[in-house]
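Comments concern the structure below.
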Amino acid sequence: LYTDHEETQKKKRVKYPIICVYGTEENIGKSIVTIHLGVSLVQETKCRTILVDMGMKEQGIASMLKIDPVRSVDVPNIQQADIEHRISSHQSMVDVLSVAPELLMEETKGRESIAKILSILKTLYDYVIIDTSSRLNRSTFEAIDLSNMMLFVTSNIVQEYPFVILDHQKLRTVINLSDANIDKKLLQERHYHFLPRDYAAIDRFLATGMPCGVESPPSD
Numbered sequence: 008l009y010t011d012h013e014e015t016q017k018k019k020r021v022k023y024p025i026i027c028v029y030g031t032e033e034n035i036g037k038s039i040v041t042i043h044l045g046v047s048l049v050q051e052t053k054c055r056t057i058l059v060d061m062g063m064k065e066q067g068i069a070s071m072l073k074i075d076p077v078r079s080v081d082v083p084n085i086q087q088a089d090i091e092h093r094i095s096s097h098q099s100m101v102d103v104l105s106v107a108p109e110l111l112m113e114e115t116k117g118r119e120s121i122a123k124i125l126s127i128l129k130t131l132y133d134y135v136i137i138d139t140s141s142r143l144n145r146s147t148f149e150a151i152d153l154s155n156m157m158l159f160v161t162s163n164i165v166q167e168y169p170f171v172i173l174d175h176q177k178l179r180t181v182i183n184l185s186d187a188n189i190d191k192k193l194l195q196e197r198h199y200h201f202l203p204r205d206y207a208a209i210d211r212f213l214a215t216g217m218p219c220g221v222e223s224p225p226s227d
């Protein structure tokens with residue numbers, strides 16, 4: 008067990024505790040990036056990590072991980088005990104919290120709820136990774152604004168993220184499902200991250216709900 012001092016020192020080492028995964032394209036693999044980043048952080052850092060699903064999709068993170076039933080946050084002004092009751096734990100040791108689309112679509116209550124949820128989760132976890140919607144509503148803006156880093160997932164090496172949504176966050180660009188002839192030299196120059204096409208590993212993940220880092224550790 009950690010002493011209070013050791014726990015404080017451990018938390019100080021987490022430079023980017025809230026990471027937001029965003030992309031303007033549909034079906035670009037945002038949720039897959041979110042899940043595998045979370046599992047990798049658990050495996051490599053042993054830190055407590057939670058995935059927050061704000062994707063507004065029926066087949067969300069919990070469904071991809073074969074977590075059933077999904078206990079979504081669907082009311083505003085939720086308290087810590089209510090949030091803890093709705094958190095699901097996956098066998099890969101990563102936790103998941105889903106936010107209902109109806110709440111996210113509410114202009115004011117949705118934004119306020121996201122702020123409160125993240126404030127509570129920051130006290131419970133070392134890393135909070137948010138899978139956002141590609142729709143820029145107020146809830147998405149709030150999640151990005153409260154994050155320390157944004158992963159921008161795109162298929163197009165020349166596509167720019169909307170500059171207006173970034174303020175203090177660090178940015179990392181992740182290229183996925185891109186043209187096979189993509190300029191690798193340009194990727195290196197821009198310090199972009201590139202996801203190799205390992206469709207067999209992804210198919211196994213989608214079939215079993217077990218992330219590639221657990222099911223197929225050698226997978227790129």
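Every number in my numbering is 7 more than the matching position in the sequence shown, counting from 1. Glycine included, every Cβ here is placed at the ideal spot set by N, Cα and C.
Next on the checklist: Using a Cβ-Cβ cutoff of less than 8 Å, which residues in the same chain neighbour alanine 107 once the five nearest sequence positions on both sides are dropped?
Outcome noted: Ser79, Val80 and Asp81
Next on the checklist: Please classify cysteine 27 as buried or exposed, where buried requires at least 16 other C-beta atoms within 10 Å of its C-beta.
Outcome noted: buried
Checklist entry - To the nearest angstrom, how far is it from the Cα of serine 70 to the Cα of glutamine 195? => result 35 Å
Checklist entry - Just how far apart, CA to CA, sit aspartate 138 and asparagine 188? => result 28 Å
Next on the checklist: Using a Cβ-Cβ distance cut-off of 9 Å, determine whether histidine 198 contacts chain D.
Outcome noted: In summary, chain D is missing from the structure at hand, where a single protein chain is found.
Item to check | Best match in Leu153, Ile35, Arg118 and Leu128 for proximity to aspartate 102 [C-alpha to C-alpha] | outcome: Leu128
Item to check | valine 46 in three-state terms, based on DSSP | outcome: helix
Checklist entry - Where glycine 45 and tyrosine 134 are concerned, what is the direct C-alpha to C-alpha distance, given to the nearest angstrom? => result 8 Å
Checklist entry - Would you say serine 162 and asparagine 183 are within 9 Å of each other, going by their C-beta atoms? => result yes
Next on the checklist: Give me the DSSP bridge partner(s) of valine 80.
Outcome noted: Val106
Next on the checklist: Taking the alpha-carbon of valine 21 as reference, which of Ser95, Glu113 and Val49 has the nearest alpha-carbon?
Outcome noted: Val49
Item to check | Extent of the continuous beta strand (DSSP E) run through aspartate 186 | outcome: Looking at the DSSP string, aspartate 186 is not in any beta strand (DSSP E), and its letter there is neither H nor E.
Checklist entry - Measuring CA to CA, which of Thr31, Lys37, Ser105 and His97 is closest to aspartate 89? => result Ser105
Item to check | Nearest-angstrom Cα separation, counted from serine 38 out to glycine 230 | outcome: Not covered by the structure: residue 230. The range shown for the chain is 8 to 227.
Checklist entry - Measuring CB to CB, does alanine 150 end up less than 9 Å from methionine 217? => result no
Item to check | 8 Å contact criterion, which serine 141 and glycine 30 should meet: CB distance rounded | outcome: 6 Å
Next on the checklist: Which complete alpha helix (DSSP H) runs does the stretch 109 to 179 hold, if anything under 4 residues is left out?
Outcome noted: 114 to 131 and 145 to 153
Checklist entry - Looking at isoleucine 121 and isoleucine 57, is the spacing between their C-beta atoms short of 9 Å? => result no
Checklist entry - Over what stretch of residues does the beta strand (DSSP E) that includes leucine 213 continue unbroken? => result Looking at the DSSP string, leucine 213 is not in any beta strand (DSSP E); the run it does join, the alpha helix (DSSP H), is 206 to 215.
Checklist entry - Exposed or buried, what is alanine 208 when buried is set at 16 or more other beta-carbons lying within 10 Å of its beta-carbon? => result buried
Next on the checklist: Is the beta carbon of valine 181 closer than 9 Å to that of phenylalanine 212?
Outcome noted: no
Next on the checklist: Just list the residues that DSSP pairs aspartate 60 with in beta bridges.
Outcome noted: Ser105 and Asp138
Checklist entry - In or out: leucine 111 buried (at least 16 other Cβ within 10 Å) or exposed? => result buried
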